[in-house]
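The next block holds one structure in the form of structure tokens; read it before the comments.
Rendered as structure tokens:
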């Protein structure tokens, strides 16, 4: 009896959590007459991919297709991931493998900068981007997102680098391997899974970001997905089928990646809070 | 930790001549850190200083921002203007009340779900955990868009549900029976209620998963002992589990406070832009002041500084909590 109550509560929580996601996908597959019908059904009676077809091939804004936004987002997120992972790996190695003055200070700074409200930096970064002549370009976003994702990426990678047994590197050093060789042949392959996890985190940061993309990009051709979403979603007479199809396309990559790394995110955010 | 590092350093010393080693060990870590320091310094710390600097000038023109024209220094003028504006008090009240309500609800719901996940059988826990994870994984933007669709005034599911209520019941409880065309987002209070729903939905999974991780670390013998001594479930939680997880809760509360203080994307989406002034909170107020025509970058910067200062105080607590844990 008690078991039953607990399980029922579990189902209720699951329903609350998953329903909006389910409804998004379900709506995206319904023909318009079902979406705007007087009696909504949980699943489409006659599922259709029409909304996806229209989103991917139609011109939402004259001369620009959804595929263009997708490419912009992939470019921005991809460049952010590559650069930020490389820089983070160097720093994580320094912090996990060396003892030096300012090491503790650097770690504390990493924690503190993660608390900076990024929303407060829109105005000064707008100024910086204007002065660098990067306004209305994708690199303005890449630069910004590298800054945002780096502190957490270093924090996370630090643990992965520290977990590689030092004995391996020492053995290689005794065998005459140079530092570069040790790094490339031993550390890098062993840290690779951590690098993937960190990269996914940076990807999600860049892929989801709205405010800065909204502020730094003026040209519709250079919109990233989130900006494009708010643009054609804000119109009157919202075409919910299209909006839900677009939302699903924006959400799915994140969801897949997220599930792969969620454990790391928790341990990174509450680092050191749970001992033993 | 210290001994381990010393041991490896001496191992390295055996491998390479001492003088070369010293020169390298001294410089290499700094070289490795250099790109990170440049990025963090240039893209986070410098702008942070810049936003403070900008708040002391009158900057109402994009050409000033680009540096083509001089910046007129007005000292604390922007701050004086904000603090004298009664609207700022509304914004501050909105922000504080919203953050307080959301942190409380998120922590309570998250903790309850964490406790629930801990009690469920293995299969059921995996299932519920995965569903909860999906809410967390949804981008803030698309999450808000879906909720807006659920609350659509003609074909939204919530509108349909309220229409499906027996007319008499709906009439006595809410004073209306026809909900078609009802503006869910029109009154500030209802807007904030829906925004709270959206934000709590998005943020309780993190709390639940963290609390679950904490619960798994509580030694079973302790709980067993408390139960043998006759403590009920409620008593066990408050006398054993909660004190052990106090550091976790401390950090979760602070992180949630920081996040809920600067909610932007969901509000921007639900309100459909930056026009809905009665529902402004600090971050969107700062943004709209700076970028909605006519632009007032200096004034917007001053609001951003106030937001940052509030969060800085909260962050202080966070870092202190972390350091105290490292010590204990």
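Residue numbers (my numbering), protein chains in the order written: chain Z, 594 to 869; chain E, 2 to 329.
For every residue, glycine included, the Cβ atom is placed at its ideal position computed from N, Cα and C.
On the DSSP letters alone, give me the boundaries of the alpha helix (DSSP H) that residue i sits inside.
i                      : result
residue 191 of chain E : 189 to 217
residue 616 of chain Z : 595 to 621
residue 768 of chain Z : That residue, residue 768 of chain Z, is in no alpha helix (DSSP H); it is neither H nor E in DSSP.
residue 223 of chain E : 221 to 229
residue 150 of chain E : 141 to 151
residue 98 of chain E  : 87 to 120
residue 757 of chain Z : No alpha helix (DSSP H) contains residue 757 of chain Z, which DSSP labels as neither H nor E.
residue 185 of chain E : Where residue 185 of chain E is concerned, there is no enclosing alpha helix (DSSP H), given that its DSSP letter is neither H nor E.
residue 136 of chain E : 123 to 138
residue 674 of chain Z : 659 to 690
residue 48 of chain E  : 47 to 55
residue 160 of chain E : 158 to 165
residue 781 of chain Z : 781 to 801
residue 284 of chain E : 283 to 292
residue 260 of chain E : 243 to 262
residue 708 of chain Z : It is not in any alpha helix (DSSP H) - residue 708 of chain Z carries neither H nor E in the DSSP assignment.
residue 773 of chain Z : 772 to 775
Comparing alpha-carbon positions, which option in the options lies nearest residue i?
i                      : options                    : result
residue 903 of chain Z : Z/837, Z/843, Z/736        : In the structure as shown, chain Z begins at 594 and stops at 869. Residue 903 of chain Z is therefore absent and cannot be evaluated.
residue 682 of chain Z : Z/743, Z/641, Z/701, Z/759 : Z/743
residue 802 of chain Z : Z/688, Z/669, Z/649        : Z/669
residue 607 of chain Z : E/99, E/130, E/46          : E/130
residue 187 of chain E : E/296, E/240, E/316, E/276 : E/276
residue 809 of chain Z : Z/849, Z/785, Z/832, Z/723 : Z/723
residue 694 of chain Z : E/164, E/31, E/66          : E/31
residue 201 of chain E : E/250, E/257, E/220, E/240 : E/257
residue 665 of chain Z : Z/833, Z/804, Z/799        : Z/799
residue 132 of chain E : E/78, E/261, E/158, E/203  : E/203
residue 264 of chain E : E/241, E/199, E/321        : E/199
residue 120 of chain E : Z/835, Z/833, Z/596        : Z/596
residue 189 of chain E : E/159, E/320, E/271, E/287 : E/271
residue 715 of chain Z : E/154, E/181, E/244, E/51  : E/51
residue 37 of chain E  : Z/640, Z/678, Z/636, Z/638 : Z/678
residue 832 of chain Z : E/156, E/182, E/104        : E/156
residue 62 of chain E  : E/307, E/310, E/308, E/293 : E/293
residue 57 of chain E  : E/195, E/298, E/139, E/151 : E/298
residue 311 of chain E : E/111, E/107, E/97, E/281  : E/97
Residue i versus chain Z: which residues are under 7 Å apart at the beta carbon?
i                      : result
residue 275 of chain E : Chain Z residues near residue 275 of chain E: none, gap ~10 Å exceeds 7 Å.
residue 34 of chain E  : 684, 687, 699
residue 128 of chain E : 607
residue 125 of chain E : 600, 603
residue 85 of chain E  : Simply none; closest approach about 21 Å.
Which bits of chain E does residue i rub up against, with CB to CB less than 7 Å?
i                      : result
residue 744 of chain Z : 41
residue 801 of chain Z : 140, 141, 142
residue 844 of chain Z : 139, 140, 143
residue 708 of chain Z : 259, 312, 316, 319
residue 851 of chain Z : 138
Output, in chain order, the set of chain E residues within a Cβ distance shorter than 9 Å of residue i.
i                      : result
residue 648 of chain Z : What residue 648 of chain Z touches in chain E: nothing, since even the nearest Cβ is about 14 Å away.
residue 616 of chain Z : 147, 150, 151, 158
residue 847 of chain Z : 138, 139, 140, 143
residue 593 of chain Z : Residue 593 of chain Z falls outside the range modelled here, since chain Z spans only 594 to 869, and no answer is possible.
Chain A partners of residue i, CB-CB under 9 Å?
i                     : result
residue 68 of chain E : Among the chains of the structure shown, chain A does not appear; the protein chains present are Z and E.
Who are the neighbours of residue i on chain Z, taking C-beta pairs under 9 Å?
i                      : result
residue 301 of chain E : 715, 716
residue 254 of chain E : Those do not exist, as residue 254 of chain E stays about 12 Å from chain Z at its closest Cβ, beyond 9 Å.
residue 263 of chain E : 710, 711, 712, 713
Using the beta-carbon of each residue, which ones in chain Z are nearer than 8 Å to residue i?
i                      : result
residue 206 of chain E : 610
residue 49 of chain E  : 709, 713, 714, 717
If the cut is a Cβ gap below 8 Å, which residues of chain E does residue i touch?
i                      : result
residue 613 of chain Z : 136, 139, 144, 147, 148, 151, 202
Exercise. Taking a cut of 7 Å between CB atoms, which residues from the segment 310 to 324 of chain E lie near chain Z?
Worked result: For the segment 310 to 324 of chain E, which is checked against every Cβ of chain Z, the residues closer than 7 Å are 312, 316, 319, 320, 323.
Exercise. Three or more beta-carbon pairs under 8 Å between the segment 72 to 87 of chain E and the segment 768 to 787 of chain Z, yes or no?
Worked result: no
Exercise. If we count Cβ pairs, one from each stretch, closer than 8 Å, do we get three or more for the segment 110 to 125 of chain E versus the segment 193 to 210 of chain E?
Worked result: Touching, yes.
For this session: For the segment 131 to 144 of chain E, enumerate the residues whose C-beta is nearer than 9 Å to any C-beta of chain Z, in chain order.
Result: 131, 132, 133, 134, 135, 136, 137, 138, 139, 140, 141, 142, 143, 144
Exercise. When the Cβ atoms of the segment 164 to 175 of chain E are set against those of the segment 146 to 156 of chain E, are three or more pairs found closer than 8 Å?
Worked result: no
For this session: Return the residues of the segment 156 to 183 of chain E that lie within a Cβ-Cβ distance of less than 8 Å from chain Z, sorted by chain order.
Result: 156, 158, 161
Exercise. Counting pairs of Cβ atoms below 8 Å between the segment 745 to 759 of chain Z and the segment 684 to 691 of chain Z, do you hit three or more?
Worked result: yes
Exercise. Quick one, which residues of the segment 819 to 841 of chain Z are near chain E if we go by CB-CB under 9 Å, in chain order?
Worked result: 819, 822, 823, 826, 827, 831, 833, 836, 837, 839, 840, 841
Exercise. Along the segment 101 to 121 of chain E, what residues have a CB closer than 7 Å to any CB found in chain Z?
Worked result: 114, 117, 120, 121
Exercise. When you check each C-beta in the segment 729 to 757 of chain Z against every C-beta of chain E, which residues fall closer than 9 Å?
Worked result: 736, 737, 739, 740, 741, 743, 744, 747
Exercise. Which of the residues in the segment 783 to 808 of chain Z, read from start to end, lie with their CB under 7 Å from any CB of chain E?
Worked result: 801, 803, 804, 808
Exercise. Is the segment 247 to 255 of chain E in contact with the segment 221 to 239 of chain E, if contact means three or more CB pairs nearer than 8 Å?
Worked result: Verdict: no, contact absent.
Problem set entry | Against chain E: residues of the segment 649 to 679 of chain Z by CB proximity under 7 Å | none
Exercise. For the 8 Å Cβ check, are there 3 or more pairs between the segment 806 to 825 of chain Z and the segment 646 to 662 of chain Z?
Worked result: Result yes; three or more Cβ-Cβ pairs closer than 8 Å.
Problem set entry | Segment contact, 8 Å Cβ cut-off, at least three pairs: the segment 41 to 59 of chain E with the segment 705 to 721 of chain Z | Contact holds: three or more Cβ-Cβ distances are below 8 Å.
Exercise. Given 8 Å as the limit, is there contact between the segment 293 to 311 of chain E and the segment 81 to 88 of chain E, that is, 3 or more CB pairs closer than that?
Worked result: yes
For this session: Closer than 9 Å, Cβ to Cβ, to anything on chain E: give me those residues from the segment 616 to 634 of chain Z, in chain order.
Result: 616, 617, 620, 628, 629, 630, 631, 632, 633
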